[in-house]
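Down below is the structure, laid out as structure tokens.
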Amino acid sequence: MTVSVTGATGFIGKRLVQRLHADNHNVCVLTRSKSKAELIFPVKNFPGIIIAEEAGWKDCIQGSNAVVNLAGMPISTRWSLAIKKEIKESRIKVTSKVVDLINNSPQGVRPTVLVSATAVGYYGTSETRVFDESSPSGNDYLAEVCREWEGTALKVDKDVRLALIRIGVVLGKDGGALAKMIPLFEVFAGGPLGSGRQWFSWIHLDDIVNLIYEALYNPSYKGVINGTAPNPVRLSELCSQLGNAMGRPSWLPVPDFALKAVLGEGATVVLEGQKVLPVKAKELGFPFKYPYVKDALESILK
Ligand code: NDP
């Protein structure tokens, strides 16, 4: 299979490309910066990978069986009005370009699958409600971003199978929220954040990569699929399991302001949060490698 990937140089994309390459698929890395991508995927380790800046995206997409769309400006930053605009526009612009290129590809050389990222922020935040794929969208800023992001992907022609993955907070070793939280927890000696009652819908990096990979192949993976582990936890539980996994079981609370200092307003994802269940992935029989946060954290921190 030939797969074109936007956001391939990011936290999730890097691992996905490594996996696709290891399994002998042809990969096109669609990037804004060829030089950055060449450092991440050096030719000696990734022979045969094609790296293309925007002008080359058309040829890559036309020669691909599938496209994975992961690009977007990171949300863990300070949210000025200009940055909020860019967080949204970066996702809409890339998704729109990918969709146009797929729709305008001639039959015969046209990708048949689009796997496009979105986020559990779609549902808004709540300490009490439980969300699945059929739940309505929330009414905060991230919900609005996700609605427009998904709406853009939905413009892909109907003969292209579209899987929209609403991703939870991805836990992995060298990136994402956890990489930023761990040093902070070390400084403040860890402990729950705020009330600790907020829900944290997480997924291990291996599982989100496997889910995206499965969606490339399996025709049953279509429409909205929550990319979250089956056992979301309250923040107090996450912090306590993190303490155990780091060998520091009794911690003091980390002040919210400290988390905001490292995650910016993107900290709302952690400080507010939502309980999201992967109902569709379970119906599809997706085999979660890490259904429990304890095992996920131990595998990451060992
Ligand atoms: P990263 O931030 O690690 O990488 C995203 C990639 O998007 C970058 O490598 C970059 O690729 C591209 N990018 C960055 N800024 C811009 C911009 N201004 N305009 C266009 N492209 C840009 O993301 P993740 O791998 O963590 O996540 C992938 C997707 O999944 C993202 O869209 C994210 O919102 C979503 N998601 C992630 C979650 C997580 O916990 N990680 C949770 C929920 C959703 P390049 O420089 O090569 O163009």
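Under this note's numbering, residue 1062 is the last one in the sequence shown; the count climbs by one each step, no gaps. Glycine residues also receive a C-beta, built at the ideal position from the N, C-alpha and C atoms.
Inset, instruction - For I811, write down the residues that DSSP places opposite it in a beta bridge. - result: On the sequence shown, residue 811 is found 51 positions in, with the first residue counted as 1. V789.
Legend entry - Whole-angstrom distance between K1062 and K720, CA atom to CA atom: No statement about residue 720 is possible, as the shown extent of the chain runs from 761 to 1062 and does not include it.
Inset, instruction - Within its chain, find whatever has a CB closer than 7 Å to the CB of G808; leave out the 5 residues flanking it on each side and keep chain order. - result: Reading the sequence shown from its first residue, position 48 is the one you call residue 808. Non-local C-beta neighbours of G808 in its own chain, meaning closer than 7 Å and more than five positions away in sequence, comprise N786, ordered along the chain.
Inset, instruction - Check whether the Cβ atoms of E908 and K848 lie closer than 9 Å to each other. - result: Position 148 of the sequence shown, counted from the start, is the residue given in the question as residue 908. Position 88 of the sequence shown, counted from the start, is the residue given in the question as residue 848. In contact: E908 and K848 (Cβ atoms closer than 9 Å).
Inset, instruction - Excluding the 5 residues preceding and the 5 following L944 in the sequence, name in chain order all residues of the same chain whose CB lies nearer than 7 Å to its CB. - result: By 1-based counting over the sequence shown, the position of residue 944 is 184. Excluding positions up to five away in sequence, the list reads V1014, A1018, L1019 and V1022.
Legend entry - Alpha-carbon spacing of P990 relative to L1037, whole angstroms: Taking the first residue of the sequence shown as 1, we reach residue 990 at position 230. Taking the first residue of the sequence shown as 1, we reach residue 1037 at position 277. Each residue's CA atom was taken as its position, placing P990 and L1037 some 6 Å apart.
Inset, instruction - Starting from V1039, follow the alpha helix (DSSP H) in both directions and report where the run begins and ends. - result: Walking along the sequence shown from the start, residue 1039 turns up at place 279. Taken as a continuous stretch (DSSP letters only), the alpha helix (DSSP H) holding V1039 covers V1039 to E1043.
Legend entry - Host beta strand (DSSP E) of L874 (start-end): Numbered from its first residue, the sequence shown carries residue 874 at position 114. Residues V873 to A879.
Legend entry - Contact check, V929 vs S886, beta carbons under 9 Å: To locate residue 929, count along the sequence shown from 1; it is residue 169. To locate residue 886, count along the sequence shown from 1; it is residue 126. It is not a contact, given that the beta carbons lie outside the stated cut-off.
Inset, instruction - Consider the C-beta atom of P992 and the heavy atoms of the ligand NDP; say whether any pair is separated by less than 8 Å. - result: On the sequence shown, residue 992 is found 232 positions in, with the first residue counted as 1. Not so, every heavy atom of the ligand NDP lies at least 8 Å from the Cβ.
Inset, instruction - Can you give me the Cβ contacts of E798 inside the same chain, cut-off strictly under 8 Å, excluding the 5 residues immediately before and after it? - result: Stepping through the sequence shown from its first residue, residue 798 is reached at position 38. Counting only Cβ-Cβ distances below 8 Å, and skipping sequence neighbours, we find I811.
Inset, instruction - With DSSP as the reference, label T766 as helix, strand or coil. - result: The residue given as residue 766 occupies position 6 in the sequence shown. Strand.
Legend entry - Test item: CB-CB of I717 and V858 under 9 Å: Here the chain has residues from 761 to 1062 only, and residue 717 is not among them.
Inset, instruction - Flag K1035 as yes when its Cβ comes closer than 8 Å to any non-hydrogen atom of the ligand NDP, and as no otherwise. - result: Counted from its first residue, the sequence shown places residue 1035 at position 275. Every heavy atom of the ligand NDP is 8 Å or more from the Cβ of K1035, so no.
Legend entry - Short Cβ contact (9 Å threshold) for V763 with S824: To locate residue 763, count along the sequence shown from 1; it is residue 3. To locate residue 824, count along the sequence shown from 1; it is residue 64. Yes, they are a contact pair.
Inset, instruction - Determine the direct distance from the alpha carbon of A913 to that of P866, and round the result to whole angstroms. - result: The residue labelled residue 866 in the question sits at position 106 within the sequence shown. The residue labelled residue 913 in the question sits at position 153 within the sequence shown. Spanning the two alpha carbons is a distance of roughly 19 Å.
Legend entry - CB contact check: A937 to chain D, cutoff 9 Å: Of the protein chains in this structure there is only one, and it is not chain D.
Inset, instruction - With a threshold of 8 Å, establish whether the CB of M833 neighbours any heavy atom of the ligand NDP. - result: To locate residue 833, count along the sequence shown from 1; it is residue 73. Yes, since a heavy atom of the ligand NDP falls inside the 8 Å radius drawn around the Cβ of M833.
Legend entry - Heavy atom of the ligand NDP within 8 Å of G881 beta-carbon: Along the sequence shown, read from residue 1 onward, the residue named residue 881 stands at position 121. Yes, the ligand NDP has a heavy atom inside 8 Å of this Cβ.
Legend entry - CA-to-CA distance, S850 to M833, given in whole angstroms: Here residue 833 is taken as the residue at index 73 of the sequence shown, counted from 1. Here residue 850 is taken as the residue at index 90 of the sequence shown, counted from 1. Spanning the two alpha carbons is a distance of roughly 6 Å.
Inset, instruction - Return yes when at least one heavy atom of the ligand NDP lies under 8 Å from the C-beta of T791, else no. - result: Looking up residue 791 in the sequence shown gives position 31. Checking every heavy atom of the ligand NDP against the Cβ of T791, one is found closer than 8 Å.
Inset, instruction - Under 8 Å by Cβ, that's how I've got K844 and A923 pegged, so tell me the actual separation to the nearest angstrom. - result: As a first step, residue 844 is located in the sequence shown; it is residue number 84 there, counting from the start. As a first step, residue 923 is located in the sequence shown; it is residue number 163 there, counting from the start. Actually they do not touch by this definition, with Cβ atoms about 27 Å apart.
Inset, instruction - Using three-state DSSP, classify I843 as helix, strand or coil. - result: For the purposes of this step, residue 843 is taken as the residue at position 83 of the sequence shown. Note: I843 maps to helix in three-state DSSP.
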